[in-house]
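Notes follow once the structure below has been shown.
Numbering (the numbering used here), first residue to last: 3 to 168.
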């Protein structure tokens, strides 16, 4: 398994509230008359700035999968170039997953298993980006209220993304 670190996955910067108890952030937000989840403390990173990082990273992932697919089409299996291409995205598969839950790979799409590890505020913004900007639908078992609630420390979100190649 290839592990890569990317600074775009870091937690939101909280400026003067960085490293302080959540109660301090809530008090600052209340004093400013704003909900604490959307409040930007002085010197902190706005939700729009976090969303820009989310969008940039997601586009990077999609381009990486597309690049790998193009390499697979040009390179025959077993060659030196094929081995080099495999290091780029080792868990990419040109064929759909056999897992019946891999709906995004159906119909000739690409299948790539990518684990992204980040923080709650970042992941909440990623889900928001999927919902608002990309117009993705919610799973039937999830409400919009649950979507904006605090992410548990060990939460797992699974996304099935269909990347259509030109």
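Every residue, glycine too, gets a C-beta built ideally from N, C-alpha and C.
Residue closest to residue i, alpha-carbon to alpha-carbon, out of the options
| i | options | result |
| --- | --- | --- |
| residue 71 | 50, 60, 113, 7 | 113 |
| residue 165 | 159, 61, 8 | 61 |
| residue 141 | 162, 74, 16, 69 | 162 |
| residue 16 | 124, 7, 3, 4 | 124 |
| residue 7 | 120, 145, 148 | 120 |
| residue 160 | 133, 134, 122, 118 | 118 |
| residue 122 | 158, 9, 69, 4 | 158 |
| residue 50 | 134, 65, 5, 145 | 134 |
Assumed close pair residue i, residue j - CB separation to whole angstroms, cut-off 8 Å
| i | j | result |
| --- | --- | --- |
| residue 43 | residue 27 | 7 Å |
| residue 59 | residue 11 | 7 Å |
| residue 116 | residue 63 | 6 Å |
Check whether residue i and residue j have beta carbons under 7 Å apart
| i | j | result |
| --- | --- | --- |
| residue 14 | residue 47 | yes |
| residue 127 | residue 52 | yes |
| residue 57 | residue 131 | yes |
| residue 45 | residue 18 | yes |
| residue 41 | residue 29 | no |
Strand pairing of residue i, partner residues [DSSP]
| i | result |
| --- | --- |
| residue 16 | 46 |
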